[in-house]
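Okay, structure first, notes after.
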Amino acid sequence: MMTAGVDADVAEGLSTVAPDLLRLKVPLPFPPWDVNAWLLPGPDGWTLIDSGVHDAPTRALYERVLADRRLGGRPVDRLLVTHFHPDHVGLAGWLHARTGAEIYMSRVEWMQARLLLNEQADEVIPQIVSHFGRCGAPEAFLGFLKQRGVLYHKWVGPLPRRYHRLQEGDTVSLAGAAWRVMIGEGHAPEMVCLYSAERRILIAADQVLERISPHIGTHPSDPDADPLAVFLRSLGKFEALPEDTFVLPSHGEPFYGLHARIAALRAHHAERLSKLLDFCAVPRTAMDTLAVLFRPQPMEQYGFALSEALAHLQHLERLGKINRDLSGDQWTFARR
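Quick note: the sequence shown uses this note's numbering, first residue 1, plus one each step.
Now the structure itself:
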């Protein structure tokens, strides 16, 4: 896999990655510390793909970007959001109010964002604490969750009531080319990716990342899901794209080597499943399994780590390779 060279302008955070295609590296206040947004010209203005979070530094960054000479004085008139996670949708509402740009999303991602913005801490925190308690999380982490409250509202600003729906197979016109909507699943339920056959470019969102594996987790609101199976199946449609596709991920650098990267992601998850199967020769909680899946994690990252561990354990359970004991206060998993 080769990382493609870019012509960066560090002062504004903008770089040109291809003709009529700008990358904006947006800082984040949490790992992985930045997210890629993309700007492509259309007939009347620019389309911005993803936004970053709703905070003062990100708003200030966009004020500078909107005034940047490389936009040629043309407005941002479309905002395409790949999925509901805060680093992608967080500033969408503010940008809509600031520029008048219409928002384009898939229906499930739009509804998920709206749902989470309407959640109240007293309704959801007890459910979250109960869920992670069953995963074997320590009391200190459960207390941390109660004190922290709901984070989504902190990083995602209010959204307008109207959006434009994107579906699998739709065509979006950007930079003088047709881009086909490809829906990625597993990391998010209906994540929008865009592929231009003419330009051999894939805007991959979080489906295929350059170096890190997308977070694949089972979450308290959908505890019986098998997101890993969905993710691995969803990779198949991206494997069908040409090997020389130029991949623009949401985190990390643009790269070539799509097929090799997908193969590496499959191998990564196969290795994790194998480690878990061996480790569960005796009953284990999800918390126990963090020792074989991750380096030592700070407590504030336990939620992500436990969600990933549970996703892999439940995938093994669906495959009939381990059993889950639900009889106690904590779930335990053991190899059959």
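Cβ coordinates follow ideal geometry from the N, Cα and C atoms, glycine included.
Could you work out which residue in the options is closest to residue i when comparing CA atoms only?
{"i": "Gly90", "options": "Ala101, Leu117 and Lys275", "result": "Leu117"}
{"i": "Arg107", "options": "Met191, Arg295 and Glu239", "result": "Met191"}
{"i": "Phe144", "options": "Thr285, Ile125 and Arg59", "result": "Ile125"}
{"i": "His219", "options": "Val230, Leu21 and Phe132", "result": "Phe132"}
{"i": "Ala267", "options": "Ser213, Trp94 and Ala305", "result": "Ser213"}
{"i": "Ile322", "options": "Leu306, Pro296, Cys193 and Ala286", "result": "Ala286"}
{"i": "Ala188", "options": "Glu198, Ala229, Arg199 and Leu326", "result": "Ala229"}
{"i": "Gly169", "options": "Met182, Leu319 and Pro160", "result": "Met182"}
{"i": "Arg200", "options": "Gly176, Pro158 and Asp244", "result": "Asp244"}
{"i": "Thr47", "options": "Val35, Arg69 and Gly100", "result": "Gly100"}
{"i": "Pro29", "options": "Gln314, Met111, Ala97 and His54", "result": "His54"}
{"i": "Ser307", "options": "Pro223, Ala260 and Glu271", "result": "Pro223"}
{"i": "Glu271", "options": "Arg70, Leu174, Gly257 and Ala309", "result": "Ala309"}
{"i": "Ala56", "options": "Leu71, Pro32, Ile262 and Trp94", "result": "Trp94"}
{"i": "Gly72", "options": "Asp44, Pro242 and Ala113", "result": "Asp44"}
{"i": "Leu79", "options": "Pro227, Arg148, Leu174 and Ala225", "result": "Leu174"}
{"i": "Val76", "options": "Ala60, Arg98 and Ala264", "result": "Arg98"}
{"i": "Glu198", "options": "Asp226, Ala225, Arg211 and Pro242", "result": "Pro242"}
{"i": "His215", "options": "Phe294, Lys154, Lys146 and Pro138", "result": "Phe294"}
{"i": "Ala113", "options": "Glu102, Gln147 and Trp155", "result": "Trp155"}
{"i": "Glu119", "options": "Ser221, Asp87, Gly42 and His88", "result": "Ser221"}
{"i": "Glu102", "options": "Pro138, Gly149 and Ile49", "result": "Ile49"}
{"i": "Arg74", "options": "Tyr104, Gly42 and Ala264", "result": "Gly42"}
Would you please state the rounded distance, in angstroms, between the beta carbons of residue i and residue j? I believe it to be under 8 Å.
{"i": "Ala37", "j": "Ser51", "result": "6 Å"}
{"i": "Leu40", "j": "Leu24", "result": "So it is not a contact: roughly 11 Å between Cβ atoms."}
{"i": "Leu176", "j": "Asp34", "result": "It should be pointed out that residue 176 corresponds to Gly in this sequence rather than to Leu. Wrong, their Cβ atoms sit about 28 Å apart, outside the cutoff."}
{"i": "Pro160", "j": "His96", "result": "5 Å"}
{"i": "Phe279", "j": "Gly217", "result": "Not confirmed; about 19 Å, so no contact."}
Are the C-beta of residue i and some C-beta of chain D separated by less than 9 Å?
{"i": "Ala260", "result": "Considering every chain present, this structure includes no chain D. It has just one protein chain."}
Keeping to the same chain, check which residues put their C-beta closer than 7 Å to that of residue i; ignore five residues upstream and five downstream.
{"i": "Asp9", "result": "In this prediction, Asp9 scores a pLDDT of 41, lower than 50, which makes its location untrustworthy; the coordinate-derived value is nonetheless stated afterwards. So the qualifying residues of the chain are Ser15."}
{"i": "His312", "result": "Leu228, Arg272, Leu273 and Leu276"}
{"i": "Asp226", "result": "Gln314, His315 and Arg318"}
{"i": "Trp110", "result": "Tyr163"}
{"i": "Val129", "result": "Leu142, Leu145 and Lys146"}
{"i": "Arg70", "result": "Leu14 and Leu22"}
{"i": "Asp87", "result": "Leu28, Val35, Gly52 and Val53"}
{"i": "Gly184", "result": "Met191, Cys193, Ala205, Gln207 and Ser234"}
Ignore the nearest five residues each way along the sequence and tell me which others in residue i's own chain have a CB closer than 8 Å to its CB.
{"i": "Val6", "result": "Here Val6 scores only 47 on pLDDT, less than 50, and its place in the model should not be relied on; the value that follows carries that caveat. Contacts found: Ser15, Thr16, Val17, Arg23, Glu253 and Pro254."}
{"i": "Val282", "result": "Ala334"}
{"i": "Thr58", "result": "Val26, Pro27, Ser51, Gly52, Gly90 and Leu91"}
{"i": "Leu232", "result": "Gly186, Arg266 and His269"}
{"i": "Arg336", "result": "Gly320, Lys321, Ile322 and Asn323"}
{"i": "Trp331", "result": "Arg134, Cys135, Gly136, Thr285, Ala286, Arg324 and Asp325"}
{"i": "Pro158", "result": "Gly93 and Leu117"}
{"i": "Ser327", "result": "none"}
{"i": "Ile262", "result": "Val208, Leu235, Phe238 and Glu239"}
{"i": "Leu151", "result": "Pro86"}
Quick one: what's residue i bridged to in DSSP?
{"i": "Phe246", "result": "Ile201"}
{"i": "Tyr104", "result": "Leu80 and His164"}
{"i": "Phe333", "result": "Arg284 and Arg324"}
{"i": "Asn36", "result": "Lys25"}
{"i": "Tyr195", "result": "Arg180 and Leu202"}
{"i": "Pro41", "result": "Trp46"}
{"i": "Ser344", "result": "Since the first residue of the chain shown is 1 and the last is 336, residue 344 is not available in this structure."}
Which same chain residues end up closer than 6 Å to residue i when comparing Cβ atoms and leaving out the 5 residues on each side of it in sequence?
{"i": "Leu209", "result": "Pro249, His251 and Gly252"}
{"i": "Phe141", "result": "Met299 and Tyr302"}
{"i": "Ala11", "result": "Per-residue confidence for Ala11 stands at a pLDDT of 38, beneath the threshold of 50, marking its modelled position as unreliable; no derived number is given."}
{"i": "Trp343", "result": "Residue 343 cannot be examined here, being either before or after the span of the chain that is shown, 1 to 336."}
{"i": "Asp329", "result": "none"}
{"i": "Gly13", "result": "Leu24 and Lys25"}
{"i": "Arg341", "result": "The first residue shown for the chain is 1 and the last is 336, placing residue 341 beyond what the model contains."}
{"i": "His153", "result": "none"}
{"i": "Gly149", "result": "Ala121"}
{"i": "Tyr104", "result": "Leu80, His164 and Leu166"}
{"i": "Gln297", "result": "Ala305"}
Practice task
Examine the Cβ distances between the region 287 to 300 and the region 228 to 240 and report whether three or more of them are shorter than 8 Å.
Solution key: no
Practice task
Would you be able to state if there are at least three C-beta pairs under 8 Å between the region 194 to 210 and the region 77 to 90?
Solution key: Counting Cβ pairs under 8 Å, three or more are found: they touch.
Handout entry: Touching by the beta-carbon criterion (3+ pairs, under 8 Å), the region 62 to 71 and the region 158 to 167
Key = Touching, no.
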